[in-house]
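Chemist: Quick note on our numbering: the sequence shown kicks off at 106 and runs consecutively.
Here a beta-carbon is modelled for each residue, glycine too, at the ideal position from N, C-alpha and C.
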Amino acid sequence: MAAKAQKLNPDGYVHARDVAEYRRLRDQALMWQSATEAVLDRVGLKSGMSCLDVGSGPGAVMRLMADRVGPTGRVTGIEIDGALGAQALADLRAKGGAAFEVVEADALKLDQVPGAPFDLTYCRLFLMHMQEPVAALERMLFWTKPGGTVVAQEFDFGAIAVEPLCPAMAEFNRLFEGVFRGHGRNLRAGRQLPAQFEAAGLGLPDGTLAEAKFLPLKDMAQMLIGVYQGLFDAATGLGIADATKAEQFKTDMEEAGSDGRYYCLTPILIGAWKRVA
Ligand SMILES: C[S@@+](CC[C@H](N)C(=O)[O-])C[C@H]1O[C@@H](n2cnc3c(N)ncnc32)[C@H](O)[C@@H]1O
106 MAAKAQKLNP
116 DGYVHARDVA
126 EYRRLRDQAL
136 MWQSATEAVL
146 DRVGLKSGMS
156 CLDVGSGPGA
166 VMRLMADRVG
176 PTGRVTGIEI
186 DGALGAQALA
196 DLRAKGGAAF
206 EVVEADALKL
216 DQVPGAPFDL
226 TYCRLFLMHM
236 QEPVAALERM
246 LFWTKPGGTV
256 VAQEFDFGAI
266 AVEPLCPAMA
276 EFNRLFEGVF
286 RGHGRNLRAG
296 RQLPAQFEAA
306 GLGLPDGTLA
316 EAKFLPLKDM
326 AQMLIGVYQG
336 LFDAATGLGI
346 ADATKAEQFK
356 TDMEEAGSDG
366 RYYCLTPILI
376 GAWKRVA
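(1) Would you say the segment 224 to 238 touches the segment 192 to 203, given that touching needs at least three Cβ pairs under 8 Å?
(2) Determine the DSSP secondary structure at R147, reduced to helix, strand or coil.
(3) If you measure from the CB of V166, is any heavy atom of ligand 1 nearer than 7 Å?
(4) CB A315 to CB I375, shorter than 8 Å?
(5) Tell me the residue span of the beta strand (DSSP E) that contains V159.
(6) According to DSSP, is R293 helix, strand or coil?
(7) Shorter than 7 Å, the distance from the beta carbon of E184 to the closest heavy atom of ligand 1, or not?
(8) Give a single yes or no on whether L145 has its beta carbon closer than 7 Å to a heavy atom of ligand 1.
(9) Can you list the beta strand (DSSP E) stretches of 3 or more residues lying completely in the segment 257 to 341, in chain order?
(10) Whose C-beta lies closer than 6 Å to the C-beta of G335 among residues of the same chain, with five residues either side of it excluded?
(11) For A377 versus P299, is the C-beta spacing smaller than 8 Å?
(12) Could you tell me the distance, in whole angstroms, from the CA atom of F319 to the CA atom of V284?
(13) Say yes only if the C-beta of A383 is nearer than 7 Å to one or more non-hydrogen atoms of ligand 1, and no if none qualify.
(14) On the DSSP letters alone, give me the boundaries of the beta strand (DSSP E) that V208 sits inside.
(15) The alpha helix (DSSP H) that contains E237, what's its start and end?
(16) Just checking D116 against ligand 1 - is the residue's beta carbon closer than 7 Å to any of the ligand's heavy atoms?
(17) Do you know whose CA, among D123, D116 and A140, lies nearest F260's CA?
(18) Can you find the residues in the same chain that come closer than 7 Å, C-beta to C-beta, to K355, ignoring five residues on each side of it along the sequence?
(19) Taking 8 Å as the threshold, find out whether the segment 188 to 196 comes into contact with the segment 243 to 261 through three or more Cβ pairs.
(20) Please work out which residues of its chain come closer than 6 Å, Cβ to Cβ, to H288, disregarding the five sequence neighbours upstream and downstream, and give them in chain order.
(21) Quick one: any contact between the segment 171 to 182 and the segment 150 to 160, if contact means 3 or more CB pairs under 8 Å?
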C-alpha cells in the first residue's frame with residue numbers, strides 16, 4: 106500500500122502535474138470552449154458581475170468569464186496547484202479585461218473565499234475528481250449570492266469509443282477506467298449532476314446542456330495519448346501500468362490516428378445550473 110500512495114499527487118489528484126499535462130489542459134479547454142460559452146451565456150453572465158471558478162486550472166474559463174463581466178467585473182479562481190494557479194493569474198492579468206484573483210487552496214477545506222458571495226459560482230471537470238462532490242457543491246452554494254447561480258460542467262464517460270474497434274482504445278479504456286475506479290473517481294459525473302445538486306440543497310437544476318463530439322481519430326489521438334501518459338504514475342501505483350504496454354499503446358494509437366478510418370466519440374460534457382433562492 107505504501108508504494109501505491111507514493112505514486113499519487115499528495116492531494117489525491119490522479120493526473121500528472123507537469124508541463125505536458127498543463128498543455129493538455131489548455132488544449133482540452135480550447136476543445137470545450139464553445140460548450141462553456143453557451144452555458145455562461147444561458148445563465149446570463151454579464152457586465153459588472155462577480156464570478157468564481159472552482160478548480161480553475163490554466164484559467165481558460167476565467168478568461169471566458171472576463172470576456173462577459175468586463176473591466177467592472179471580478180473573476181476569482183480556486184486552484185490547489187499553486188504553480189498552475191500562479192501561471193494562470195499572471196497570464197490573465199497580462200491580458201487584463203477584469204479584476205482577477207486566484208486563491209491557492211483545497212476548495213474542500215476553504216471556508217471563506219475573498220470576494221464571496223459571487224453572482225456566479227462555477228466548476229468544470231472538477232466534481233468528477235472529488236470523492237465528495239456533494240460537499241463541494243454545498244460549498245459552491247455557500248459562496249453564491251441569493252439570486253446568483255451555481256453551474257457545473259462535468260464529463261460523462263459512458264459513451265466514449267473509437268469506431269471501428271481498435272486495440273489502442275481498449276488499452277486506453279483499461280488504464281483510464283482502472284485509475285478512475287481504483288481511486289474512487291467518478292466516470293458518470295455528468296449524468297449525476299441533477300441528483301448531486303439536489304443532495305447539496307440546491308434543488309434540481311433549472312437547465313442542462315450536453316455536448317459531445319464525433320471526430321476523426323487523427324484529431325483526438327494526441328489528446329488520448331496525453332491523458333494516458335498523464336495517468337501513468339497513478340496507474341503504476343495501482344499496479345495496472347506497464348512500460349512495454351504503454352509504448353505499444355502510443356505506437357498503436359498513432360498508427361490508428363494516421364490510418365484515416367477511425368472516428369472517436371468523445372466524453373459528453375454535461376452542464377447543469379441552478380439559480381439560488
Ligand atoms: C481537469 S482540471 C480542469 C481545469 C479547469 N476547470 C478546466 O476545465 O480547464 C481539474 C483542476 O482542478 C484542480 N483541483 C483538483 N482538486 C482540487 C481541490 N480540492 N481544490 C482546488 N482545486 C483542485 C486541479 O489541480 C486541476 O487544475
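Modeler: The answer reads as follows:
(1) Between the segment 224 to 238 and the segment 192 to 203, the count of C-beta pairs closer than 8 Å stays below three; the two stretches do not touch.
(2) In the three-state DSSP reduction, R147 falls in the helix class (H, G or I).
(3) At least one heavy atom of ligand 1 is nearer than 7 Å to the Cβ of V166, so yes.
(4) Yes, Cβ-Cβ distance for A315 and I375 is below 8 Å.
(5) Its beta strand (DSSP E) spans residues S155 to V159.
(6) Three-state result, R293: coil.
(7) Yes.
(8) No; taking the cut-off as 7 Å, the Cβ of L145 has no heavy atom of ligand 1 nearer than that.
(9) List check, beta strand (DSSP E) in window: 266 to 268, 312 to 316 and 319 to 321.
(10) Here the set comprises H120, A121 and E126.
(11) In terms of Cβ geometry, A377 and P299 form a close pair [threshold 8 Å].
(12) Going by the C-alpha atoms only, they are around 24 Å apart.
(13) Any property of residue 383 remains undetermined from this structure, which presents the chain solely from 106 to 382.
(14) Residue range A204 to E209 is occupied by the beta strand (DSSP E) that includes V208.
(15) Secondary structure note for E237: it is in no alpha helix (DSSP H), with a DSSP letter that is neither H nor E.
(16) True, at least one ligand heavy atom lies under 7 Å from that Cβ.
(17) Nearest C-alpha to F260: A140.
(18) The answer, listed in chain order, is I330.
(19) Segments in contact, no.
(20) Cβ neighbours of H288 beyond the five flanking positions: V119.
(21) Cβ pair count under 8 Å is three or more, so yes.
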